[in-house]
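*Asks:*
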Amino acid sequence: MKGSFYKRGKAWAFQVDIGPDKNGKRKRIGRSGFPTKKAAQAEAAKIINEVEEKTFIVESDIYFRTFADKWLEMYKALGKKESSVRSRDTQIKELASKLDCKIKDVTGLVYQEALNELSKEYCKNTLDGIHTTGKMIFSKAIELGIIKKNPTTYAKKPLYVKTVDQIESESEIPKFLEKDELKRLLNAAEISHLRDDYFIFSILAYSGIRVGELCLLKEQDFLVDTQEVSITKTLYEPGGILKYKALPPKTKSSIRKIPIEPFLFDELKKQKVRIAEDKMKHRQDYHDEGYVFTQPRRNPGYPMSTKMVRIRMKALLEAAGLDTTLTPHSLRHTHVSLLAAAGVNLPEIQERMGHIDDKTTSSIYLHVTKNKKREASQKFAQLLQSP
């Protein structure tokens, strides 16, 4: 193999003959921008050595965004959840906004600068997701021989220095209803002119399930014999309720059976009567998939949307004179607080809530039990001081 070396302006360049390609044509590889002839010779020798050892890779001219989109199709073909694919797609768009170049031109420095820029626009968790996606894309590019070096290998996520306001806001306990406030909400739901309100918000409060899990509950999910509700799916509605999908819960621990109060089965009986009336009324137009909570007027039989549950809860909070910034997820926090107050231990609460490790649940639990410990200490002091 021969190489030719020459000056291009003030820098040195070279071309190396690396032999015939798969079609029998002679192929030459060129590089430029070397400060000295010696540096150019060293790079040429490296290429020749790689060719002889059959480890040389001709890096692709494909643009980062083009390859990233191809990677996303491969990622999707692995059977990944639609919500995960959607998240990766968004993260690719953010990366591509900073990497508008050929993938082979993304050096470690270029990638690091992209991360630095993105850190000014997004919070830590969002940046973590973007960086994870970037690492997967470039690893696949290495695997497929598209590039030789992975620019993410030594990349570091910028250090986030929290402000005083951020530290103080993070130390706040998530909002939840006190016991008497929950009673007021459920009383408002019981006298509501909307037929499902009491059943909906009683289940959320008494089981602690997520609102997406509630929306896809079917009649067979209520296990009469064991007095449990079975959670096996969650609502996904990126294109509106008519294009909804039933997805499996995010983690294995989210698939669970939760003991519930007998009165909820009485409410289910009432709901089944209403469902039968809806089926008779709409007949051929009814979307009959067995859902317990359905669209109130339009799209009969389709599951109730999470947005509708939020709207209805806000109306009930207002009617009860409660904080209208609370959401259906606040009832999940409420459930945790009441379990903790009742003396249920943290692992049992986490199992019931469908997650192994959750900082929010832990913080609520510690907040409630801390108050209980303080009460115990006060009672002990009062006992000692009494005659």
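Take the sequence shown: its letter number 379 is residue 378 in numbering that gives the first Met the number 0, and every next letter is one higher.
Yeah, the Cβ is synthetic: ideal placement off N, Cα and C, and Gly gets one too.
(1) Reducing DSSP to helix, strand and coil, say where F13 ends up.
(2) Where does P237 sit, in a helix, a strand or coil, going by DSSP?
(3) Would you mind working out which of K80, D99, A187 sits nearest A67, comparing C-alpha positions?
(4) Count the other C-beta atoms from every protein chain shown that fall within 10 angstroms of the C-beta of K103, then say buried if there are 16 or more, exposed otherwise.
(5) Specify the secondary structure class of L330 as computed by DSSP and reduced to three states.
(6) Of the residues K92, F4, Y62, which one's Cα is nearest the Cα of A39?
(7) With DSSP run on the structure shown, which of helix, strand or coil describes F175?
(8) Can you look up S191 in the DSSP assignment and give me helix, strand or coil?
(9) Does DSSP put F264 in a helix, a strand or coil?
(10) Quick check: the Cα distance between Y159 and K119, rounded to an integer number of angstroms?
(11) Which whole runs of the alpha helix (DSSP H) in the segment 304–367 are 4 residues long or more, in chain order?
(12) Going by C-alpha to C-alpha distance, which of S329, I230, T65, M135 sits closest to A204?
(13) Assign G207 to buried or exposed, taking buried as 16 or more other Cβ atoms, counted over all protein chains shown, within 10 Å of its Cβ.
(14) My output table needs one value for Y121: the three-state DSSP class, helix, strand or coil.
(15) Between which two residues does the beta strand (DSSP E) carrying I199 extend?
(16) CB-CB under 8 Å to V84, same chain, minus the five flanking residues each way: which ones, in chain order?
(17) At the level of alpha carbons, what is the spacing between T151 and Y110?
(18) Give the single residue among T125, Y121, H334, K217 whose Cα lies nearest to the Cα of K232.
(19) Buried or exposed for Y434, going by 16 or more other Cβ atoms inside 10 Å?
(20) Assign S304 to buried or exposed, taking buried as 16 or more other Cβ atoms, counted over all protein chains shown, within 10 Å of its Cβ.
(21) Going by DSSP in three states, F272 sits in which element: helix, strand or coil?
(22) Exposed or buried, which one is K182 when buried takes at least 16 other CB atoms within 10 Å?
(23) Spatial neighbours of G18 within its chain, please: C-beta separation below 8 Å, excluding the five flanking residues on both sides.
(24) Among the residues of its own chain, which have a CB less than 8 Å from the CB of Y121, if the five just before and after it don't count?
(25) Over what stretch of residues does the beta strand (DSSP E) that includes R27 continue unbroken?
(26) Name the residue from K69, E42, T131, S96 whose alpha carbon lies nearest to the alpha carbon of S86.
(27) Can you tell me which of the three DSSP states T293 falls into?
(28) Determine, using beta-carbon pairs with one atom in the segment 233–243 and one in the segment 350–369, whether at least three such pairs fall under 8 Å.
(29) Residues in its own chain within less than 6 Å of A319 by CB, not counting five upstream and five downstream?
(30) Below 8 Å between beta carbons: does that hold for I61 and K123?
(31) For E218, does the three-state DSSP call read helix, strand or coil?
(32) Report the residue ranges of all alpha helix (DSSP H) runs contained in full by the segment 62–119; include only those spanning at least 4 residues, in chain order.
(33) CB S252 to CB H354, shorter than 8 Å?
(34) Comparing C-alpha positions only, which one of K9, R30, K6 sits nearest to D16?
(35) Could you check the C-alpha separation between I202 and P261 for me, to the nearest Å?
(36) Apart from the five residues just before and just after L394, which ones in its own chain have a Cβ nearer than 6 Å to its Cβ?
*Replies:* On the basis of the coordinates in this document:
(1) Within the sequence shown, residue 13 is the residue found at index 14, counting from 1. DSSP places F13 in strand when its eight states are reduced to three.
(2) The residue given as residue 237 occupies position 238 in the sequence shown. Correct three-state label for P237: coil.
(3) Counting from one through the sequence shown, the residue named residue 67 turns up at place 68. With distances taken between Cα atoms, A67 lies closest to D99.
(4) Counting from 1 along the sequence shown, the entry for residue 103 is found at position 104. Buried is the call here.
(5) Translated into positions along the sequence shown, residue 330 becomes position 331. Helix, per DSSP.
(6) Taking the sequence shown and counting its residues from 1, one reaches residue 39 at position 40. The shortest Cα separation from A39 among K92, F4, Y62 belongs to F4.
(7) One-based indexing of the sequence shown puts residue 175 at position 176. For F175, the secondary structure class from DSSP, reduced to helix, strand or coil, is coil.
(8) Reading the sequence shown from its first residue, position 192 is the one you call residue 191. Reduced to three states, the DSSP call for S191 is coil.
(9) Here residue 264 refers to the residue found at position 265 when the sequence shown is read from its first residue. Of the three classes helix, strand and coil, the one that applies to F264 here is helix, per DSSP.
(10) Numbered from its first residue, the sequence shown carries residue 159 at position 160. Numbered from its first residue, the sequence shown carries residue 119 at position 120. CA-CA distance, Y159 to K119, rounds to 10 Å.
(11) 305–318, 327–340, 345–352
(12) Position 205 of the sequence shown, counting from 1, holds the residue named residue 204. Of the listed residues, the one whose Cα sits closest to A204 is S329.
(13) What you label residue 207 is simply residue 208 of the sequence shown in a count that begins at 1. When all chains shown are included, G207 counts as buried.
(14) Here the question's residue 121 lines up with position 122 in the sequence shown. Correct three-state label for Y121: coil.
(15) In the sequence shown, residue 199 corresponds to position 200, counting from 1. Unbroken run through I199 is the alpha helix (DSSP H), 196–206; no beta strand (DSSP E).
(16) In the sequence shown, counting from the first residue as 1, residue 84 sits at position 85. So the list reads L71, Y74, K75, once near-sequence residues are dropped.
(17) Translated into the one-based positions of the sequence shown, residue 151 becomes position 152. Translated into the one-based positions of the sequence shown, residue 110 becomes position 111. Looking at the two C-alpha atoms, the distance is approximately 7 Å.
(18) As a first step, residue 232 is located in the sequence shown; it is residue number 233 there, counting from the start. Comparing Cα positions, the closest option is K217.
(19) Outside the displayed span of the chain (0 to 386) sits residue 434, for which this structure offers no information.
(20) Your numbering for residue 304 matches position 305 in the sequence shown. Classification for S304: buried.
(21) On the sequence shown, residue 272 is found 273 positions in, with the first residue counted as 1. Going by the sequence as given, residue 272 is Val instead of Phe. In this structure, V272 counts as helix in the three-state DSSP scheme.
(22) Position 183 of the sequence shown, counted from the first residue, corresponds to residue 182. K182 should be labelled exposed.
(23) Position 19 of the sequence shown holds residue 18. Answer for G18: M0, R25, K26, V50, listed in chain order.
(24) Here the question's residue 121 lines up with position 122 in the sequence shown. Answer for Y121: E93, I129, listed in chain order.
(25) The count along the sequence shown starts at 1 and reaches residue 27 at position 28. Residues 25–33.
(26) In the sequence shown, counting from the first residue as 1, residue 86 sits at position 87. Among K69, E42, T131, S96, the Cα nearest to that of S86 belongs to T131.
(27) Taking the first residue of the sequence shown as 1, we reach residue 293 at position 294. Per DSSP, reduced to three states, the secondary structure at T293 is strand.
(28) no
(29) Sequence index remark: in the sequence shown, residue 319 carries index 320 (1-based). Here the set comprises R183, L184, A187.
(30) The residue you call residue 61 lines up with position 62 of the sequence shown. The residue you call residue 123 lines up with position 124 of the sequence shown. Cβ distance not < 8 Å, so I61 and K123 don't count as in contact.
(31) Your numbering for residue 218 matches position 219 in the sequence shown. E218 sits in a helix when the DSSP states are folded into three classes.
(32) 63–76, 81–95, 107–118
(33) Reading the sequence shown from its first residue, position 253 is the one you call residue 252. Reading the sequence shown from its first residue, position 355 is the one you call residue 354. Yes, the pair counts as a contact, with Cβ atoms nearer than the cut-off.
(34) Along the sequence shown, one-based indexing puts residue 16 at 17. The option with the nearest alpha carbon to D16 is R30.
(35) Here residue 202 refers to the residue found at position 203 of the sequence shown. Here residue 261 refers to the residue found at position 262 of the sequence shown. The alpha-carbon atoms of I202 and P261 are separated by roughly 11 Å.
(36) A question about residue 394 goes unanswered here, because the residues of the chain that appear run from 0 up to 386.
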